[in-house]
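S.K.: First the structure, then my questions, so here it is.
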Amino acid sequence: MSRKLNWGKLITVLCTIMLTLTVVGPSVSAATKQTTAEENSDTKRLEYEELNKIINETANEIKSEAPKVNVANEQPTMHTMAAGSLAVKLAKLFGKSYVKSKLPKKIYKAFPKSLKDNVSEAKWVGIWNTYILMGPLDEVKNSVANALKPYVWDWVATTCGYIAQGIVYAVI
């Protein structure tokens with residue numbers, strides 16, 4: 146009852162299986178990934194028009210509610226002339242307290258749900274006060290995106306960077 150193993154046929158069958166999996170596998174995998182991405186509504190990217198609408202609505206809300214600080218009579222010092230940080234520019238417009246506590250909360254409300262699921266409002270306020278305010282005005286988008294990338298997908302972090310930069314530029 147001992148049968149001799151036919152190695153030639155076994156190798157042919159295994160090679161055929163491997164070749165079939167190599168050719169068919171990636172196409173099945175790509176189709177599955179595309180279907181999953183389309184079905185997941187939380188990962189929907191924001192369109193340009195939607196971003197502009199969010200930025201404009203939030204900026205108008207901030208402009209109408211934020212306190213106005215009178216700095217017209219203030220003489221510029223070497224420190225204020227050289228300061229290019231976002232905190233200095235925003236504090237001149239709205240006051241330090243508003244910029245550190247209320248403004249980041251307004252910006253957080255404009256962020257997509259994908260970010261809010263992973264980053265709490267308190268964590269965002271901490272990121273805003275630690276990393277974003279200390280940076281230069283022209284780096285807002287990159288600062289926000291880099292600070293949020295450890296918590297969410299790159300595209301969500303970059304979208305939040307665009308939103309924050311748009312709001313900041315609109316209110317300044």
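The sequence shown runs 146 to 317 under the numbering used here.
Yeah, the Cβ is synthetic: ideal placement off N, Cα and C, and Gly gets one too.
1) CB-CB under 7 Å to methionine 279, same chain, minus the five flanking residues each way: which ones, in chain order?
2) Could you compute how far the alpha carbon of glutamate 194 sits from the alpha carbon of isoleucine 200?
3) Excluding the 5 residues preceding and the 5 following asparagine 106 in the sequence, name in chain order all residues of the same chain whose CB lies nearer than 8 Å to its CB.
4) Can you tell which of Ala290, Ile312 and Lys154 has its C-alpha closest to the C-alpha of lysine 254?
5) Considering Cα atoms alone, identify which of Glu284, Val316, Ala315 and Ile317 is closest to threonine 303.
6) DSSP state of proline 281, grouped into three classes?
7) Ends of the alpha helix (DSSP H) at serine 265?
8) Would asparagine 274 and lysine 245 be called neighbours here (beta carbons separated by less than 7 Å)?
9) My understanding is that leucine 238 touches valine 214, with C-beta atoms under 8 Å, so please give their C-beta distance in whole angstroms.
10) Starting from serine 209 and walking both ways along the alpha helix (DSSP H), at which residues does that stretch end?
11) Among the residues of its own chain, which have a CB less than 8 Å from the CB of isoleucine 317, if the five just before and after it don't count?
12) Across which residues does DSSP place serine 230 in a beta bridge pair?
13) Quick check on the DSSP output: the alpha helix (DSSP H) that includes tyrosine 276 runs from which residue to which?
14) Are isoleucine 207 and lysine 250 closer than 7 Å when you measure CB to CB?
15) Expressed to the nearest angstrom, what Euclidean distance is found between the alpha-carbon atoms of lysine 247 and tryptophan 300?
M.R.: By the coordinates alone:
1) On the sequence shown, position 134 is the one that residue 279 refers to. Only Ser230 and Ala232 meet the Cβ criterion.
2) Your numbering for residue 194 matches position 49 in the sequence shown. Your numbering for residue 200 matches position 55 in the sequence shown. If you take the alpha carbons of glutamate 194 and isoleucine 200, they lie about 10 Å apart.
3) For the chain, the structure presents residues 146 to 317; residue 106 sits outside this window and is missing.
4) On the sequence shown, position 109 is the one that residue 254 refers to. Nearest of Ala290, Ile312 and Lys154 to lysine 254, Cα basis: Ile312.
5) Here residue 303 is taken as the residue at index 158 of the sequence shown, counted from 1. That would be Glu284, whose Cα lies nearest to the Cα of threonine 303.
6) Residue 281 sits at position 136 when you count from the first residue of the sequence shown. In this structure, proline 281 counts as strand in the three-state DSSP scheme.
7) Within the sequence shown, residue 265 is the residue found at index 120, counting from 1. Serine 265 -> no alpha helix (DSSP H), and no H or E assigned at all.
8) On the sequence shown, position 129 is the one that residue 274 refers to. On the sequence shown, position 100 is the one that residue 245 refers to. Yes; because the gap between Cβ atoms is below 7 Å, this pair is in contact.
9) Translated into the one-based positions of the sequence shown, residue 238 becomes position 93. Translated into the one-based positions of the sequence shown, residue 214 becomes position 69. Confirmed, about 6 Å.
10) One-based indexing of the sequence shown puts residue 209 at position 64. Per DSSP, serine 209 belongs to the alpha helix (DSSP H) from 193 to 210.
11) Residue mapping note: residue 317 aligns to position 172 of the sequence shown, counting from 1. Contacts found: Lys234, Leu235, Leu238 and Leu282.
12) By one-based count along the sequence shown, residue 230 stands at place 85. DSSP, once it has assigned bridges, lists Pro281 as partnering serine 230.
13) Your numbering for residue 276 matches position 131 in the sequence shown. Careful: tyrosine 276 lies outside any alpha helix (DSSP H) and carries neither H nor E.
14) For the purposes of this step, residue 207 is taken as the residue at position 62 of the sequence shown. For the purposes of this step, residue 250 is taken as the residue at position 105 of the sequence shown. No, Cβ-Cβ distance for isoleucine 207 and lysine 250 is not below 7 Å.
15) As a working mapping, residue 247 is identified with position 102 in the sequence shown. As a working mapping, residue 300 is identified with position 155 in the sequence shown. Taking the straight line joining both Cα atoms gives about 26 Å.
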